[in-house]
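Number of protein chains: 2
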Amino acid sequence: MPAPILGSLYLLPMPLGTGAAARAAVPPGVAARLAQLRHVAAEGPRRAAALIAPLLKDHGHAEALAALSRDEYTFYEISEHSLDLDGPLKLLHAGTDVGLISEAGYPAIADPGAELVSAAHALGCRVEVLTGPSSLMLALAASGLGGQLFAFHGYLPRKAAERTQAILRLEAESQRTGQTQLCIEAPYRNAELLDALLAALSPSTLLCVACDLTLPTALVTTLSVRDWHTQPRPDLHKRPTVFLWRG
Amino acid sequence: MPAPILGSLYLLPMPLGTGAAARAAVPPGVAARLAQLRHVAAEGPRRAAALIAPLLKDHGHAEALAALSRDEYTFYEISEHSLDLDGPLKLLHAGTDVGLISEAGYPAIADPGAELVSAAHALGCRVEVLTGPSSLMLALAASGLGGQLFAFHGYLPRKAAERTQAILRLEAESQRTGQTQLCIEAPYRNAELLDALLAALSPSTLLCVACDLTLPTALVTTLSVRDWHTQPRPDLHKRPTVFLWRG
Numbered sequence: 009m010p011a012p013i014l015g016s017l018y019l020l021p022m023p024l025g026t027g028a029a030a031r032a033a034v035p036p037g038v039a040a041r042l043a044q045l046r047h048v049a050a051e052g053p054r055r056a057a058a059l060i061a062p063l064l065k066d067h068g069h070a071e072a073l074a075a076l077s078r079d080e081y082t083f084y085e086i087s088e089h090s091l092d093l094d095g096p097l098k099l100l101h102a103g104t105d106v107g108l109i110s111e112a113g114y115p116a117i118a119d120p121g122a123e124l125v126s127a128a129h130a131l132g133c134r135v136e137v138l139t140g141p142s143s144l145m146l147a148l149a150a151s152g153l154g155g156q157l158f159a160f161h162g163y164l165p166r167k168a169a170e171r172t173q174a175i176l177r178l179e180a181e182s183q184r185t186g187q188t189q190l191c192i193e194a195p196y197r198n199a200e201l202l203d204a205l206l207a208a209l210s211p212s213t214l215l216c217v218a219c220d221l222t223l224p225t226a227l228v229t230t231l232s233v234r235d236w237h238t239q240p241r242p243d244l245h246k247r248p249t250v251f252l253w254r255g
Numbered sequence: 009m010p011a012p013i014l015g016s017l018y019l020l021p022m023p024l025g026t027g028a029a030a031r032a033a034v035p036p037g038v039a040a041r042l043a044q045l046r047h048v049a050a051e052g053p054r055r056a057a058a059l060i061a062p063l064l065k066d067h068g069h070a071e072a073l074a075a076l077s078r079d080e081y082t083f084y085e086i087s088e089h090s091l092d093l094d095g096p097l098k099l100l101h102a103g104t105d106v107g108l109i110s111e112a113g114y115p116a117i118a119d120p121g122a123e124l125v126s127a128a129h130a131l132g133c134r135v136e137v138l139t140g141p142s143s144l145m146l147a148l149a150a151s152g153l154g155g156q157l158f159a160f161h162g163y164l165p166r167k168a169a170e171r172t173q174a175i176l177r178l179e180a181e182s183q184r185t186g187q188t189q190l191c192i193e194a195p196y197r198n199a200e201l202l203d204a205l206l207a208a209l210s211p212s213t214l215l216c217v218a219c220d221l222t223l224p225t226a227l228v229t230t231l232s233v234r235d236w237h238t239q240p241r242p243d244l245h246k247r248p249t250v251f252l253w254r255g
């Protein structure tokens with residue numbers, strides 16, 4: 009019996025915000041692939057159509073856009089609340105291609121899609137990832153802090169004392185190794201994290217705040233902690249922000 | 009006296025290899041920006057024209073392509089051998105925009121451009137980074153190993169004993185924290201590194217080899233070390249490869 013022909017899993021990065029500038033950071037190949045798929049796994053399946061419709065429209069995929077409006081796309085939830093692996097895996101097993109999208113940036117990076125990718129590998133499927141915007145890489149390049157060695161730590165602890173401990177531990181590691189440290193925060197707590205970083209880090213440590221990347225309001229500021237203390241702090245409230253430092 | 013108007017520094021990612029498929033992973037905005045600039049800092053200034061000409065051609069920037077062939081682009085070397093910061097910084101100071109390109113992927117990530125970015129920040133310039141392919145993010149997403157926490161370690165030590173120590177130390181850290189570990193190797197030593205990883209890592213550790221990303225020959229294999237031992241090893245010789253593992 010010949011081996012069954014499996015579907016491919018396509019990992020499709022999404023814009024880092026709304027608006028034409030954010031969408032222009034997504035290469036045309038992503039929209040072209042979305043136009044060919046009819047089954048898409050997404051963190052927020054109810055928001056997925058609103059995410060992909062403008063991409064299809066920008067690149068003139070009229071047939072796919074019409075199919076989307078006729079509900080001919082099926083979405084599968086891959087989130088921390090609900091993990092619908094069975095739906096996509098059955099399709100892949102039957103030879104149907106499936107897409108995996110994120111809410112912003114790459115799926116499966118600071119995002120819950122990795123379980124589906126891992127299951128697709130276990131099934132023996134081809135996994136193809138398309139290029140798109142990554143707030144972490146954009147921030148790292150733009151920071152000037154150096155990308156020879158770096159680590160992404162997700163969210164720091166929420167409690168102030170533990171957070172300060174984590175910041176100091178990562179600063180010490182950076183001083184020892186030269187590693188650039190990256191983290192993110194829930195957008196409504198950005199100002200609180202900036203305050204905590206400036207309170208804990210040494211004066212000579214370089215701190216970068218990279219905010220609204222790929223948007224017209226993008227802001228990238230790299231200063232020593234000493235110089236941050238002499239400047240008015242930027243308004244980061246509810247703006248997607250990456251924090252980076254090197255001791 | 010009004011503050012002088014400074015130029016902007018544009019960070020422009022390059023394709024991860026030659027050929028139309030690799031170039032298609034670079035959004036049109038990169039070529040559009042290259043068409044507007046005439047001053048470009050590059051790791052290999054002698055190779056820079058050959059890198060950017062096909063991008064200009066793909067996107068129909070005929071005027072810029074003609075300017076390139078008339079030597080109207082000036083290239084500045086930003087490499088580990090020679091750091092021409094003065095040239096680009098004088099231009100930025102005088103209000104002229106400057107581009108910074110890599111050999112492949114993002115400038116200033118696993119690449120020597122960070123000094124120029126840092127100097128541009130110190131001058132007070134606007135730094136804008138455009139989206140493009142990142143072998144590290146593509147590999148991390150496609151691996152399925154999980155991108156909630158990860159670290160890039162560049163090149164591991166060359167000496168076998170130190171390399172094994174580093175692999176074991178990073179595996180232990182991954183077991184403790186869930187961090188996915190990423191590293192690269194000089195492409196002609198890829199097979200040696202794969203052998204070293206398979207010899208050192210625990211049977212249950214997941215190891216991903218992500219090779220030739222964005223190229224038609226792309227290969228992403230994620231298996232437990234136990235399962236790697238039962239498979240023929242892929243030919244990685246001189247193919248750009250990212251190695252990832254999670255214990």
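Line by line, the protein sequences are chains A and B.
Positions in the first sequence are counted from 1; adding 8 to them yields the numbering used here.
Positions in the second sequence are counted from 1; adding 8 to them yields the numbering used here.
Just so it is clear, CB atoms sit at the ideal spot from N, CA and C, and this is done for glycine as well.
Cβ separation of B:H245 and B:A199, assumed to be a contact under 8 Å, to the nearest whole Å: As a position in the second sequence, residue 245 of chain B is number 237, starting the count at 1. As a position in the second sequence, residue 199 of chain B is number 191, starting the count at 1. Sure, about 6 Å apart at Cβ, within 8 Å.
Does A:F83 have its Cβ less than 7 Å from a Cβ in chain B? Counted from its first residue, the first sequence places residue 83 of chain A at position 75. Not closer than 7 Å to any Cβ of chain B, the Cβ of A:F83 fails to qualify, so no.
When burial is assigned at 16 or more other CB atoms within 10 Å of the CB, is A:L20 buried or exposed? Residue numbering aside, residue 20 of chain A sits at position 12 when the first sequence is read from its first letter. With 16 or more other Cβ atoms within 10 Å, it is buried.
Can you give me the start and stop residues for the alpha helix (DSSP H) that B:V34 sits inside? By 1-based counting over the second sequence, the position of residue 34 of chain B is 26. In the DSSP assignment, B:V34 falls outside any alpha helix (DSSP H), carrying neither H nor E.
Tell me, please, whether the segment 139-159 of chain A touches the segment 114-131 of chain B by the rule of three or more beta-carbon pairs shorter than 8 Å. Three or more Cβ pairs drawn from the segment 139-159 of chain A and the segment 114-131 of chain B lie within less than 8 Å of each other, which places the two stretches in contact.
B:A28 versus B:A39: straight-line alpha-carbon distance, rounded: Taking the first residue of the second sequence as 1, we reach residue 28 of chain B at position 20. Taking the first residue of the second sequence as 1, we reach residue 39 of chain B at position 31. B:A28 and B:A39 have their C-alpha atoms roughly 14 Å apart.
Can you tell me whether B:I13 is buried or exposed? The criterion is at least 16 other CB atoms within 10 Å of its CB, across all chains shown. Position 5 of the second sequence holds residue 13 of chain B. By the neighbour-count rule (16 or more Cβ atoms within 10 Å), B:I13 is not buried but exposed.
For A:Y114, the three-state DSSP class (helix, strand or coil): Along the first sequence, one-based indexing puts residue 114 of chain A at 106. Correct three-state label for A:Y114: coil.
A:L59 beta carbon less than 7 Å from that of A:K65: For the purposes of this step, residue 65 of chain A is taken as the residue at position 57 of the first sequence. For the purposes of this step, residue 59 of chain A is taken as the residue at position 51 of the first sequence. No, the pair does not count as a contact, with Cβ atoms beyond the cut-off.
By Cβ distance below 6 Å, which residues in the same chain neighbour A:G103 in space, the five residues on each side in sequence not counted? Here residue 103 of chain A corresponds to residue number 95 of the first sequence, with the count starting at 1. Excluding residues up to 5 positions away in sequence, I13, G15 lie with their Cβ nearer than 6 Å to the Cβ of A:G103 in the same chain.
Considering A:E181, what are the terminal residues of the alpha helix (DSSP H) in which it resides? The sequence position of residue 181 of chain A within the first sequence is 173, counting from 1. DSSP places A:E181 inside the alpha helix (DSSP H), whose first and last residues are 168-185.
Taking the CB atoms as reference points, tell me whether A:T230 and A:C216 lie closer together than 7 Å. Here the question's residue 230 of chain A lines up with position 222 in the first sequence. Here the question's residue 216 of chain A lines up with position 208 in the first sequence. Yes, Cβ-Cβ distance for A:T230 and A:C216 is below 7 Å.
Under the rule that 16 or more other beta-carbon atoms within 10 Å means buried, what is B:P53, buried or exposed? Within the second sequence, numbered from 1, the residue matching residue 53 of chain B stands at position 45. Counting the other Cβ atoms within 10 Å of the Cβ of B:P53 gives 16 or more, which makes it buried.
Buried or exposed for B:L76, please, with buried defined as at least 16 other CB atoms from any protein chain shown within 10 angstroms of its CB. Here the question's residue 76 of chain B lines up with position 68 in the second sequence. B:L76 counts as buried, since at least 16 other C-beta atoms from the protein chains shown sit within 10 angstroms of its C-beta.
Excluding sequence positions up to five away, which residues of its chain have a Cβ less than 6 Å from the Cβ of B:P36? Position 28 of the second sequence, counting from 1, holds the residue named residue 36 of chain B. So the list reads H67, once near-sequence residues are dropped.
Given a limit of 9 Å on CB to CB distance, which residues of the segment 131-156 of chain A reach chain B? For chain B, the residues of the segment 131-156 of chain A that bring a beta carbon within less than 9 Å of one of its beta carbons are R134, V135, E136, V137, L138, T139, G140, P141, S142, L144, M145, L146, A147, L148, A149, A150, S151, G152, L153, G154, G155, Q156, in chain order.
Is there contact here, the segment 177-197 of chain A with the segment 239-254 of chain A, by at least three beta-carbon pairs under 8 Å? In short, these stretches touch, since the Cβ pair count reaches three.
Report the residue ranges of all beta strand (DSSP E) runs contained in full by the segment 76-156 of chain A; include only those spanning at least 3 residues, in chain order. Runs found: 82-85, 106-109, 134-137.
If I'm right that A:A204 touches A:A159 with Cβ under 8 Å, what's the distance once you round it to whole angstroms? If you number the first sequence from 1, residue 204 of chain A lands on position 196. If you number the first sequence from 1, residue 159 of chain A lands on position 151. With 8 Å as the limit, A:A204 and A:A159 do not qualify as a contact, their Cβ atoms being about 18 Å apart.
Just to confirm the assignment, what range does the beta strand (DSSP E) spanning A:R254 have? Within the first sequence, residue 254 of chain A is the residue found at index 246, counting from 1. Counting along the chain, the beta strand (DSSP E) containing A:R254 begins and ends at 249-254.
Interface positions of the segment 50-74 of chain A facing chain B (Cβ-Cβ less than 8 Å), listed along the chain: Within the segment 50-74 of chain A, no residue qualifies.
Is there at least one Cβ from chain E nearer than 7 Å to A:V228's Cβ? Here chain E cannot be found, since the structure's protein chains are A and B.
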